[in-house]
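These notes concern the structure reproduced below.
Number of protein chains: 2
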Amino acid sequence: MTAPPTHHPTGSMIIGAKPVTGTGDEVRSTDPRSGAALAPGYPAASAEEVDRACALAAVAFPAFRATTAEGRAAFLDRIADLLDERRDALVERAHAETALPRPRLTGEVGRTSGQLRLFAAELRAGVWQGVRIDPARPERTPLPRADIRQRRIPLGPVAVFGASNFPLAFSTAGGDTASALAAGCPVVVKAHQAHLGTAELAARAIADAAADTGMPEGVFSQLVANGTAIGARLVADPRIRAVAFTGSRRGGLAIAAVAAARPVPIPVYAEMSSINPVLLLPAALDARGAGLGAAFAGSLTLGAGQFCTNPGLLLAIEGPGLDAFTSAAATAVAADPGATMLTTGIADHYAGTGDALAARPGVTELARGTREGGAACGGARLLTVDGTRFVADPWLQAEVFGATSLLVRCTDTTELTAALAALEGQLTVTVHADETDHDLAGELLPMLEERAGRILFDGWPTGVEVGHAMVHGGPFPATTDPRSTSVGTLAIERFLRPVAYQDVPQALLPADLRDDNPQNLLRRVDGEPGRDPLPAG
Amino acid sequence: MTAPPTHHPTGSMIIGAKPVTGTGDEVRSTDPRSGAALAPGYPAASAEEVDRACALAAVAFPAFRATTAEGRAAFLDRIADLLDERRDALVERAHAETALPRPRLTGEVGRTSGQLRLFAAELRAGVWQGVRIDPARPERTPLPRADIRQRRIPLGPVAVFGASNFPLAFSTAGGDTASALAAGCPVVVKAHQAHLGTAELAARAIADAAADTGMPEGVFSQLVANGTAIGARLVADPRIRAVAFTGSRRGGLAIAAVAAARPVPIPVYAEMSSINPVLLLPAALDARGAGLGAAFAGSLTLGAGQFCTNPGLLLAIEGPGLDAFTSAAATAVAADPGATMLTTGIADHYAGTGDALAARPGVTELARGTREGGAACGGARLLTVDGTRFVADPWLQAEVFGATSLLVRCTDTTELTAALAALEGQLTVTVHADETDHDLAGELLPMLEERAGRILFDGWPTGVEVGHAMVHGGPFPATTDPRSTSVGTLAIERFLRPVAYQDVPQALLPADLRDDNPQNLLRRVDGEPGRDPLPAG
């Protein structure tokens, strides 16, 4: 008995919420442990299929954005329910394609469905519309004031490029797709080649949910690509109005360049690269250097270091506390058995970039883990360099995607401050500080704010909460657009723009803007926030 | 007795809030009525002076953004007071440089000071910080939730390029400068060559206000440029973190290209070109075609048509109502005496682009005003074309900056809809509708939303209210970034980005984020908006 296609990948793309077999060359994902190509094969999209997905998205846009917030919330909730129902199939397939452990993938399904439900709740909260009303003032002199009302509307169809390292939470049905759909934007996903089967199962859940909740067919498509041309064509398509991407700096910059060359430019939200500096302040090191060293190694090697927020850089002032940290961290790194990485390509790139970093002048190796897996196994590595070198050599900030970190040893706070000042933009900066470090931490904090999207104290950057307050973003090159986040409810704002309505008759006003506030939205009336209806004029 | 430099331009730039004489070639503004160069001459900035202004802005940034919202509000209020105090001198100089009538310029000083005071009020309203708090949940399983708090912080130094057509409200001390300073971003203005003296007087008011309120010297600079190289250097400077521009499409695209070529890209908010379509629906035309025609001509010729929101396009269905409109509009346009334009360059460009539009196949002239002024006088002009031609010829959407408008005559609603569908992005779309037109207006509204930043009924697009709900922006080519507005309090968001703080100790948290909410900000706590302090943990 064969499992149904909702639980067993068939080699299909999804165009207009329906399974479609591509007409291009076949692509397959690979078991990273064995290097074996996995069945089924995925015939890739042709240019015509890209055009069709975009055309259907454009046709769906007016109908989709006309759905109510409650209607879209029901759609997102239904996707979440279907993902949960199909969890075991998703986990098995993702495990085969990524070698990520089953418990981690089980958790990731929950993170993904939870994220969809959070956006459903945000749709119902009545805040994201950003309504502002400046009522008419017919009595104003010398000229009366018109009635002006503002709300946000969706940008239009969005292209989503998922990440290799979160085959569910940052991929087909991940945060970019959830926030774009919540905003009222149809989505066209370019499936990640490393997990085509997982992508298909997730896409089928979205397509089924669209059908179950009466959404227009063009609201969702997923394309398989052989090489980069199909993705570039998708970004260049005039019907696409924004792009969301999670991946490498090279990939993100290539997409940004295609978008910038369009006759009509569009926003590109590319989350690209970050080495997530960790500052170890003196009193914290003195109090618990060894404990911090062991905990750091745990964060470094988690998931083979394959997190956007992996701690790839440590900054500290020399002294006995740092010696204790270094000794404990080196011991833990040396004892780490390594883990199979997501693809052999990623493992090769990890080894190559790590070797290049280790070969920079002044860099020495403190510890190296073993590699007990196969060809795609990435071994942990801890390198070190002094602060002067770090400030002088921008190459030392290159991201090594995986479990390699560079410890920068500074002689004093002046050198530590100079090292911080030299940093590129980051997703996160972490500070370990005891109470007696707080004066120093307070002095450094403004520099950290200017260089990162998230600042965290006394924890580790891996682990990105999905909530209202999270920022997963930051200054370039962490992202191409520091004004946003790809995780958390604020992510919906990436796909909206404001429109003003002047003296539009009540009968023609969108419900968001009507005097009686039928949806109980939070609105600013003459600047004052509240949910009250307007007094009868 | 010579007037003081606060009331009498001296030929100075402002660098670091102090008057400085440039070291480049001299530039002068011109009296557009006579073509005579005006005293004083303005030696332009050298590359070194651009560097110095940017360096001072970068130095000022940490101190400026550390000022309280109340401190920056006092700074903006002080600028407003000084502009009002110096109003007569500003009006006289602007009148000499632009030929705009004194009453209009007097009103524009009030608009400019009012705009600064509105941003001061917005700073005090405690909403723009965008605070979100997700309190810790230590009891959550399987993992406790960290405490995460979000606020917005300023991007950094902003380059502002003012417009020729509003020498005060969209120039040195205009909305871009006001919103950037409100956000906590130092500003470097490139003075508009057409009104260098007005720019100097406005810049002196900002510099004096900065000194009076204890702001850091680098908070404001204004450079004079001879040619485009100095402006390009300013946009390319790595210390500049965003650009705001109001002007031509050519100018805006050139600046966007310089910004996109930077190693670190930055946001560019260029408000460029719009022909502001006006839809005349059948019942409204039947009821009051002649009145609409006369009122339209008034909006068209206001300020020699030199508004970003000038109604350059009319769309209507043929019939007796439209005939009445056309006849009245043509009569009024033919009777218009014309007015001196801002510069001879603008007048030449107006004549050239108008002739090019009139020469397109199928375009005929309905009326032409006289030109009673001198060489820089722009005459009003009303052209017409049929709907089929309009849909087929994208050149008919070229902006003619001045009092020229094109009436598109459609045979029926199908052709009208096709003409709307063919439109590029716009700042505004206007609808004239009677109650029996409302069904049609309701059907068209979603198309209008997708093509414009502001939709207005039964009025004229000239006249942009400064308030909370205004959107002066729109899809490309109206602007380079449809996610924003350059007028109204939402404009502050252009210069902010979110930062998250995870488990940061209360003693180190910015006041915006502290449990006790000392500034009474509107905050979302677990998504719920309110101003209450957090309960004691």
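Protein sequences appear in the order of chains A and B. So for the first sequence, full-length UniProt numbering puts the first residue at 1; every next one is plus one. So for the second sequence, full-length UniProt numbering puts the first residue at 1; every next one is plus one. Built from N, CA and C at the ideal position, the CB exists for glycine as well.
Rounded to the nearest angstrom, what separates Phe-119 of chain B and Pro-529 of chain A at their Cα positions? Those two C-alpha atoms are separated by around 16 Å.
The beta strand (DSSP E) spanning Ala-270 of chain B covers which residue range? 268-271
How far does the alpha helix (DSSP H) with Pro-446 of chain B in it extend, from its first residue to its last? In the DSSP assignment, Pro-446 of chain B falls within the unbroken alpha helix (DSSP H) covering 438-451.
Here's the rule I'm using: 16 or more other beta-carbon atoms within 10 Å means buried, otherwise exposed. How should Ala-202 of chain A be labelled? buried
Between which two residues does the beta strand (DSSP E) holding Asp-134 of chain A run? Asp-134 of chain A -> beta strand (DSSP E) spans 131-134.
Between which two residues does the beta strand (DSSP E) containing Leu-280 of chain B stretch? Taken as a continuous stretch (DSSP letters only), the beta strand (DSSP E) holding Leu-280 of chain B covers 277-280.
Taking only runs of the beta strand (DSSP E) that begin and end inside the segment 306-376 of chain B, which ones reach a length of at least 3 residues, in chain order? 313-317, 364-368
Taking three-plus beta-carbon pairs below 8 Å as touching, is the segment 370-388 of chain B in contact with the segment 247-267 of chain B? No, they do not touch.
Verify whether the separation of the beta carbon atoms of Asp-434 of chain B and Ala-284 of chain B is less than 8 Å. yes
Listed by chain order, chain B residues near Leu-153 of chain A by CB distance under 7 Å: The question names Leu, but residue 153 of chain A in the sequence shown is Ile. By Cβ distance, chain B contributes Glu-449.
In whole angstroms, what separates the C-alpha of Leu-416 of chain B from that of Pro-475 of chain B? 21 Å
Does the distance from the C-beta atom of Arg-500 of chain B to that of Gly-453 of chain A stay below 8 Å? Here residue 500 of chain B is Ala; the residue named in the question, Arg, does not match the sequence. For Ala-500 of chain B and Gly-453 of chain A, yes; Cβs fall inside 8 Å.
Would Thr-462 of chain A and Ser-273 of chain A be called neighbours here (beta carbons separated by less than 8 Å)? no
Please report whether the beta-carbon of Gly-453 of chain A lies at a distance below 8 Å from any beta-carbon of chain B. yes
Just the chain B side, please: which residues come within less than 7 Å of Arg-132 of chain A by C-beta, in chain order? His-468, Ala-469
What residues from chain B crowd round Glu-443 of chain A, counting only those whose CB sits closer than 9 Å? Within 9 Å Cβ-Cβ: nothing; Glu-443 of chain A doesn't reach chain B, min ~10 Å.
Interface residues of chain C facing Val-219 of chain B [CB-CB closer than 7 Å]: In the structure shown, chain C does not exist; the protein chains are A and B.
Does the beta carbon of Phe-457 of chain B come closer than 8 Å to any beta carbon on chain A? yes
Proximity winner among A:Ala-536, A:Thr-364, A:Asp-412, A:Ala-225, relative to Ile-14 of chain A (alpha-carbon distances): A:Ala-225
Any chain A beta carbon closer than 8 Å to Ile-148 of chain B: yes
Could you tell me which whole alpha helix (DSSP H) segments of length 4 or greater appear in the segment 67-102 of chain A? 69-85, 87-98
What is the DSSP secondary structure of Asp-175 of chain B, counted as helix, strand or coil? For the sequence presented, residue 175 of chain B should be read as Gly rather than Asp. Three-state result, Gly-175 of chain B: helix.
Alpha-carbon to alpha-carbon, Ile-148 of chain B and Glu-139 of chain B: 16 Å
Going by DSSP in three states, Val-391 of chain B sits in which element: helix, strand or coil? helix
What residues from chain B crowd round Arg-145 of chain A, counting only those whose CB sits closer than 7 Å? Glu-465
Own chain residues within Cβ distance below 8 Å of Ala-121 of chain A, not counting five before or after: Ala-73
Contact check, Leu-448 of chain A vs Val-131 of chain A, beta carbons under 8 Å: no
From what residue to what residue does the beta strand (DSSP E) around Leu-496 of chain A run? 496-502
Kindly confirm or deny that the segment 63-78 of chain B and the segment 158-170 of chain B touch, where touching means at least three C-beta pairs closer than 8 Å. No contact exists between the segment 63-78 of chain B and the segment 158-170 of chain B.
Of the choices A:Leu-280, A:Met-341, A:Thr-344, whose alpha-carbon is the least far from that of Glu-318 of chain A? A:Leu-280
Look at the alpha carbon of Asp-336 of chain A and the alpha carbon of Thr-370 of chain A, and state the distance between them as a whole number of angstroms. 6 Å
6 Å CB neighbourhood of Tyr-42 of chain B in its chain, flanking five on each side removed: For Tyr-42 of chain B, same chain residues with a beta-carbon under 6 Å away, outside a window of 5 residues either side, are Gly-11, Val-27, Leu-196, Val-224 in chain order.
Give a yes or no on whether the minimum CB-CB distance between Gly-71 of chain A and chain B is below 8 Å. No, Gly-71 of chain A lies away from the interface with chain B (no Cβ there is under 8 Å from its Cβ).
Which two residues bound the contiguous alpha helix (DSSP H) that contains Pro-62 of chain B? 47-65
Compile a chain-ordered list of the residues in the segment 495-511 of chain A whose CB is closer than 7 Å to at least one CB of chain B. Arg-497, Pro-498, Val-499, Ala-500, Tyr-501, Gln-502, Asp-503, Val-504, Pro-505, Ala-507, Leu-508
From Ala-332 of chain A to Ala-294 of chain A, what does the alpha carbon distance come to, in whole angstroms? 6 Å
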